[in-house]
């Protein structure tokens, strides 16, 4: 079973901005339950369908399939739950780790999170100084949760 | 947008049985809402992921992608809503139309439905004498509905 082992953090300051370039991501959901989320994603001219299972600690089953970009666009516009998630993703290499930093737009503007994929659950990692509070496993920060409960509405 | 135009009927008698051979189908759902169902299907050594939108009359958006059979099996066993749908599908050619006849097992044993895919919405079709009541558009007969409300529990 393919799994992702991932930790997620809030981002503080702008020290990371000079370290990578951003790419616009559009994504939406056909299912947003934590037990079985189904995501459609469009990045430039590539479409993806991604299925994730329930997170157990930092580990989660993940199956990803590339699909035609035009069909990904149709699924996003016509079938996915609305609104869609719009964000810019920056890839930053730091201490032999690749950080993916998502700066959200739309109803989630103001939210910036950094994710790092690990090879094993208890891998020690060096945290850059622009890494803030850890939010791994907090369901509010799931992209699937941000559709119905966007950051702008958090109290 | 790829669409399926399909009519669905109950089946009466056994006159159809001699006309085709059956193949076992295992399928399950990652989403069962009528607006966006996501189906995983395993037929012999082929896996499929199929997304369907809301039915409008006899027409429904449908996107299908082949996926590795072993991953389809994992998705069915570990991520899909339970129980799975188990059925035998028979393909029967009749009057230049292909009928797909599903004989359900498990909690849906006793239910046999026939589907025919059309080229256009108002296509005239000749109904074989083993075709019974039309159930097109009746959500109880959606395979996705049969997971949570199986035929054996209908009153």
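Residue numbers (my numbering), protein chains in the order written: chain A, 144 to 298; chain B, 144 to 298.
No residue lacks a Cβ here, since even glycine has one placed at the ideal position from N, Cα and C.
Between residue 204 of chain B and chain A, is there a C-beta pair that is closer than 8 Å?
For this step, residue 204 of chain B is matched to residue 61 along the second chain. Yes, contact with chain A.
Interface residues of chain A facing residue 196 of chain B [CB-CB closer than 8 Å]:
For the purposes of this step, residue 196 of chain B is taken as residue 53 along the second chain, with counting starting at 1. 221, 222, listed in chain order.
Cβ contact (3+ pairs, closer than 8 Å) linking the region 207 to 227 of chain B and the region 171 to 190 of chain B:
yes
Rounded straight-line distance, which links the Cα of residue 268 of chain A to that of residue 278 of chain B
In the second chain, counting from the first residue as 1, residue 278 of chain B sits at position 135. In the first chain, counting from the first residue as 1, residue 268 of chain A sits at position 125. Going from the Cα of residue 278 of chain B to the Cα of residue 268 of chain A covers about 58 Å.
Just by C-beta distance, which residues in the region 252 to 271 of chain B are closer than 8 Å to chain A?
none
With a threshold of 16 other CB atoms inside 10 Å of the CB of residue 161 of chain B, please say whether the residue is buried or exposed.
As a first step, residue 161 of chain B is located in the second chain; it is residue number 18 there, counting from the start. So residue 161 of chain B counts as exposed.
Own chain, CB closer than 6 Å to residue 184 of chain A, minus 5 neighbours either side, in chain order:
Counted from its first residue, the first chain places residue 184 of chain A at position 41. Same-chain partners within the cutoff: 170, 191.
Contact list for residue 208 of chain A against chain B, beta-carbon separation under 8 Å
Locating residue 208 of chain A in the first chain gives position 65, counting from the first residue. Correct list: 192, 208, 210.
In terms of residue numbering, what span does the beta strand (DSSP E) encompassing residue 235 of chain A cover?
Translated into positions along the first chain, residue 235 of chain A becomes position 92. Residue 235 of chain A -> beta strand (DSSP E) spans 228 to 237.
Going by the CB atoms, is the gap between residue 207 of chain B and residue 290 of chain B shorter than 8 Å?
Walking along the second chain from the start, residue 290 of chain B turns up at place 147. Walking along the second chain from the start, residue 207 of chain B turns up at place 64. Against a cut-off of 8 Å, the Cβ pair of residue 207 of chain B and residue 290 of chain B comes out as no contact.
Round the Cβ separation of residue 282 of chain B and residue 204 of chain B to the nearest angstrom and send it over; I've been treating them as touching at under 8 Å.
What you label residue 282 of chain B is simply residue 139 of the second chain in a count that begins at 1. What you label residue 204 of chain B is simply residue 61 of the second chain in a count that begins at 1. At roughly 16 Å, the Cβ-Cβ gap does not stay under 8 Å, so residue 282 of chain B and residue 204 of chain B are not in contact.
Using a C-beta cutoff of 8 Å, does residue 169 of chain A count as contacting chain B?
The residue given as residue 169 of chain A occupies position 26 in the first chain. Not one chain B Cβ lies under 8 Å of residue 169 of chain A.
Who are the Cβ neighbours of residue 235 of chain A in its own chain at under 7 Å, not counting the five residues just before and after it?
Taking the first residue of the first chain as position 1, residue 235 of chain A is located at position 92. Within the same chain, residue 235 of chain A has close Cβ partners 159, 162, 163, 242, 244.
Would you mind telling me which residues of chain A sit closer than 8 Å to residue 179 of chain B, beta carbon to beta carbon, in chain order?
The residue labelled residue 179 of chain B in the question sits at position 36 within the second chain. Result: 173, 174, 222, 223, 224.
For residue 269 of chain B, which three-state DSSP category applies?
For the purposes of this step, residue 269 of chain B is identified with residue 126 of the second chain, where counting begins at 1. Coil, per DSSP.
Against chain B, which members of the region 268 to 292 of chain A pass a CB distance test of less than 7 Å?
none
Whose Cβ in chain B lies nearer than 7 Å to the Cβ of residue 214 of chain A?
Along the first chain, read from residue 1 onward, the residue named residue 214 of chain A stands at position 71. Neighbours of residue 214 of chain A on chain B, chain order: 206.
Is there a Cβ from chain B that is less than 8 Å from the Cβ of residue 217 of chain A?
Taking the first residue of the first chain as position 1, residue 217 of chain A is located at position 74. Output row for residue 217 of chain A: interface = yes.
Under the three-state DSSP convention, the category residue 225 of chain A falls into:
Residue numbering aside, residue 225 of chain A sits at position 82 when the first chain is read from its first letter. If DSSP states are grouped into helix, strand and coil, residue 225 of chain A belongs with coil.
Residue 180 of chain A burial status per 10 Å Cβ neighbour count (16 or more: buried):
The count along the first chain starts at 1 and reaches residue 180 of chain A at position 37. That one is buried.
Identity of the residue in B/251, B/248, B/240, B/272 nearest residue 262 of chain B by Cα:
Counting from 1 along the second chain, the entry for residue 262 of chain B is found at position 119. Looking at the Cα atoms, B/240 is the closest of the given residues.
Under a Cβ-count criterion, where at least 16 other Cβ atoms within 10 Å of its own Cβ denotes burial, should residue 199 of chain A be classed as buried or exposed?
The count along the first chain starts at 1 and reaches residue 199 of chain A at position 56. The residue is exposed, with fewer than 16 neighbouring Cβ atoms inside 10 Å.
Cutting at 6 Å between CB atoms, please list the residues of its own chain near residue 188 of chain B, excluding the five before and the five after it.
The count along the second chain starts at 1 and reaches residue 188 of chain B at position 45. Same-chain partners within the cutoff: 212.
From which residue to which residue does the beta strand (DSSP E) around residue 245 of chain B run?
On the second chain, residue 245 of chain B is found 102 positions in, with the first residue counted as 1. Note, residue 245 of chain B: beta strand (DSSP E), 240 to 247.
For the alpha helix (DSSP H) that residue 215 of chain B lies in, which residues bound it at each end?
Position 72 of the second chain holds residue 215 of chain B. Counting along the chain, the alpha helix (DSSP H) containing residue 215 of chain B begins and ends at 212 to 217.
Kindly indicate the opening and closing residues of the alpha helix (DSSP H) around residue 287 of chain B.
Your numbering for residue 287 of chain B matches position 144 in the second chain. Note, residue 287 of chain B: alpha helix (DSSP H), 286 to 291.
Identify, in the order they occur along the chain, each residue of the same chain with its Cβ nearer than 8 Å to the Cβ of residue 255 of chain B, setting aside the five sequence neighbours on each side.
The residue given as residue 255 of chain B occupies position 112 in the second chain. These residues qualify, in order along the chain: 153, 154, 244, 245, 246, 247.
Interface residues of chain A around residue 166 of chain B at Cβ under 8 Å?
Working through the second chain from its first residue, we reach residue 166 of chain B at position 23. Chain A residues near residue 166 of chain B: none, gap ~24 Å exceeds 8 Å.
Could you say which of A/202, A/196, A/167, A/193 lies nearest to residue 260 of chain A if we only look at CA atoms?
Against the first chain, residue 260 of chain A aligns to sequence position 117. Comparing Cα positions, the closest option is A/202.
Where residue 250 of chain A and residue 280 of chain B are concerned, what is the direct C-alpha to C-alpha distance, given to the nearest angstrom?
Position 107 of the first chain holds residue 250 of chain A. Position 137 of the second chain holds residue 280 of chain B. Spanning the two alpha carbons is a distance of roughly 36 Å.
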